[in-house]
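**Q** I am attaching a structure below and will ask some questions about it afterwards.
Residue numbers (the working numbering): 689 to 1210.
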């Protein structure tokens, strides 16, 4: 078996699912009392029955009391617990069923499978949108992407938004973005670049699919050699190692370019799929390449001795495109059926999730923002615009079995904005070599006003097991607990539920239009 197919190789203890031999000692050793002296002839003439403390003893006891008091005070103020690190990793176009642990008969994903066996596996996790850029915007802001005008691929976030990177920086975190950005320009002087959105360090591309990718590293174009996902991970790990050495809590956002087409495999990862057609070999190898990159990351977190205190969260930006990508779900990338928006998701965090669990509670990418802020002990900003996501801390801690807040989805009718990303970076590199860099395009403003009673495009509303879809024609209602393939429309049997869910969704859509017109920033 090739070494990249071997999981981390850690031996797990049944008590905590932490690699054996990797725990630091937690034994508290007593501080020795200073020596006491006994006066044989006290000045009063009475023989002392108790030892008389020496000056050394008094000073020692005072020191112990002071240290104990300081520890208690720090603990009461919340300083005793170390802040966790956060890593948000995301695939590009990986379907819900494209995992070995989901029963895919061909794919080799040993590291993802190992994560699912040791962490919290989400079986009803949703991308906020059925295409890429909007979902990415939701990850960073906790808001539905239509609120910020990120309707389809290639749209930038608005400058008035507050990102998770900006919020965590105020809480003392270092922040880094690596890989696919897809939310505007990666020129350093752009208001849409990662640096302008709270990231201290970034090596990002407007979009990429190829091996040997080009990235804008804090504004300067670099080329990283290697298979696409491994190259992305290598540039991320260079920064993570620095943060670990500095013992500084960090947020690392790692967004892969795979397995988006065109698929370009490498021999090492294509080998297990030799019996398949060349197109599938290339496609499967990209997923196995991502898996290998995650294996490298997990191993390095252990080497750095920060894996216990690092929340490693993995998901995909939307559903897949291949016929067997969705694990039996209906639909695919680009629509609001389950196959278009339900995506794989795993959270591995040994210190907080010591035993493996699986949850069927509905969650989505807008939940990242409020969840990470609560885990970091950070307050929501005073000027925080309305959130669509909720904190999942209770769910992570095993204290919640339902979701109180319904989830809205809305594929706003608007065209995508395709960009020739590599050509853009090559042009920027030439400008930098010549010392004549052009100014970045102006992006991130409110482009126009939208009617407040018009809601173009299909929409969906998920409330527990129930899902309402409103598109052309009458509404459709499905019970996902009994009909995950969305074959049995129950709208005629439950008109009251349809009416109630549709009313709630329209109220939400009006709120979204309010945000879309820029009124959250005033």
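Even glycine gets a Cβ: it sits at the ideal position worked out from N, Cα and C.
For a test of the three-state rule: what should DSSP assign to residue 839, helix, strand or coil?
**A** Coil, per DSSP.
**Q** Under 8 Å between the Cβ atoms of residue 1031 and residue 814?
**A** In contact: residue 1031 and residue 814 (Cβ atoms closer than 8 Å).
**Q** Quick check: residue 892 and residue 865, are their CB atoms within less than 8 Å of each other?
**A** Against a cut-off of 8 Å, the Cβ pair of residue 865 and residue 892 comes out as a contact.
**Q** Please say whether residue 1037 and residue 659 have beta carbons closer to each other than 8 Å?
**A** Because the chain is modelled from 689 through 1210, residue 659 falls outside the range shown and cannot be assessed.
**Q** Let me make sure I understand the geometry here. Which of 944, 976, 949 and 945 has the alpha-carbon closest to that of residue 959?
**A** Of 944, 976, 949 and 945, the residue nearest in Cα terms is 976.
**Q** Within 10 angstroms of the Cβ of residue 967, are there 16 or more other Cβ atoms? Answer buried if so, exposed if not.
**A** Classification for residue 967: exposed.
**Q** Taking the CB atoms as reference points, tell me whether residue 1200 and residue 835 lie closer together than 8 Å.
**A** Yes, the Cβ-Cβ distance between residue 1200 and residue 835 is below 8 Å.
**Q** Roughly how many angstroms lie between the CA atoms of residue 1177 and residue 1098, to the nearest whole one?
**A** Going by the C-alpha atoms only, they are around 20 Å apart.
**Q** Within 10 Å of its beta-carbon, does residue 1092 have 16 or more other beta-carbons around it, so buried, or fewer, so exposed?
**A** Classification for residue 1092: exposed.
**Q** Give me the Cβ distance between residue 947 and residue 781, rounded to the nearest whole Å; I'm assuming they're in contact under 8 Å.
**A** Confirmed, about 6 Å.
**Q** May I ask you to report which of helix, strand or coil DSSP gives residue 922?
**A** Correct three-state label for residue 922: helix.
**Q** For residue 1208, count neighbouring Cβ atoms within 10 angstroms of its own Cβ and tell me buried if that reaches 16, exposed if not.
**A** Classification for residue 1208: buried.
**Q** Spatial neighbours of residue 903 within its chain, please: C-beta separation below 7 Å, excluding the five flanking residues on both sides.
**A** Counting only Cβ-Cβ distances below 7 Å, and skipping sequence neighbours, we find 891, 892, 893, 910, 912 and 923.
**Q** With 16 other CB atoms within 10 Å as the buried threshold, where does residue 1195 fall?
**A** Answer is exposed; the Cβ neighbour count stays below 16.
**Q** Can you have a look at residue 1213 and say buried or exposed, based on whether 16 or more other CB atoms are within 10 angstroms of its CB?
**A** Lying outside 689 to 1210, the shown extent of the chain, residue 1213 is not represented and no answer is given.
**Q** If you measure between the beta carbons of residue 829 and residue 849, is that distance less than 8 Å?
**A** Yes; because the gap between Cβ atoms is below 8 Å, this pair is in contact.
**Q** Based on Cα-Cα distance, which residue from 929, 955, 953 and 917 lies nearest to residue 993?
**A** Taking only the C-alpha atoms, the option nearest residue 993 is 929.
**Q** Taking DSSP as the reference, what is the three-state secondary structure of residue 1062?
**A** Helix, per DSSP.
**Q** By the DSSP assignment, the alpha helix (DSSP H) with residue 805 in it spans what residues?
**A** That run of the alpha helix (DSSP H) goes 798 to 806.
**Q** Just the C-alpha distance for residue 1167 and residue 1158, rounded to the nearest angstrom, thanks.
**A** Each residue's alpha carbon lies about 15 Å from the other.
**Q** How long is the line joining the alpha carbons of residue 1024 and residue 1150, rounded to whole angstroms?
**A** Each residue's alpha carbon lies about 11 Å from the other.
**Q** Can you tell which of 871, 1136, 1163 and 1134 has its C-alpha closest to the C-alpha of residue 1146?
**A** Selected option, being the one with the closest Cα: 1163.
**Q** With 16 other CB atoms within 10 Å as the buried threshold, where does residue 1089 fall?
**A** Residue 1089 comes out exposed.
**Q** What is the C-beta distance between residue 821 and residue 870, in whole angstroms, given that I count them as a contact (C-beta under 8 Å)?
**A** Their Cβ separation, rounded to whole angstroms, is 5 Å, which keeps residue 821 and residue 870 in contact under 8 Å.
**Q** Taking the Cβ atom as the reference point for each residue, do residue 833 and residue 816 lie within a distance shorter than 8 Å?
**A** A contact, by the Cβ cut-off of 8 Å.
**Q** Over what stretch of residues does the beta strand (DSSP E) that includes residue 911 continue unbroken?
**A** Looking at the DSSP string, the run of the beta strand (DSSP E) that includes residue 911 is 908 to 911.
**Q** Out of 933, 896 and 907, which has the shortest C-alpha to C-alpha gap to residue 915?
**A** Ranking 933, 896 and 907 by Cα distance to residue 915 puts 896 first.
**Q** Taking 7 Å as the cut-off, is the C-beta of residue 804 nearer than that to any heavy atom in the ligand GDP?
**A** Judged by which ligands are present, the structure shown has none, so any question about the ligand GDP falls away.
**Q** Please name the residue in 1190, 1054, 1156 and 1043 whose C-alpha comes closest to that of residue 851.
**A** The option with the nearest alpha carbon to residue 851 is 1054.
**Q** Could you give the distance in angstroms between the alpha-carbon of residue 1131 and the alpha-carbon of residue 1100?
**A** In a straight line, the C-alpha of residue 1131 is about 20 Å away from that of residue 1100.
**Q** Once the 5 residues before and after residue 1138 are set aside, which same chain residues still bring their CB inside 7 Å of it?
**A** So the list reads 1201, 1204 and 1205, once near-sequence residues are dropped.
**Q** Tell me residue 1036's beta-bridge partners as DSSP assigns them.
**A** Answer is 1000, bridged to residue 1036.
**Q** Per DSSP, residue 864 is paired with what?
**A** Paired residues: 889 and 940.
**Q** Taking all protein chains shown into account, do 16 or more other C-beta atoms lie within 10 angstroms of the C-beta of residue 873, making it buried, or fewer, making it exposed?
**A** Result: buried.
**Q** Report the option in 1179, 842 and 1173 whose CA atom is closest to the CA atom of residue 1014.
**A** The candidate whose alpha carbon is nearest that of residue 1014 is 1173.
**Q** Is it buried or exposed, residue 973, if we count other Cβ atoms within 10 angstroms and call 16 or more buried?
**A** Residue 973 is buried by the Cβ-count criterion.
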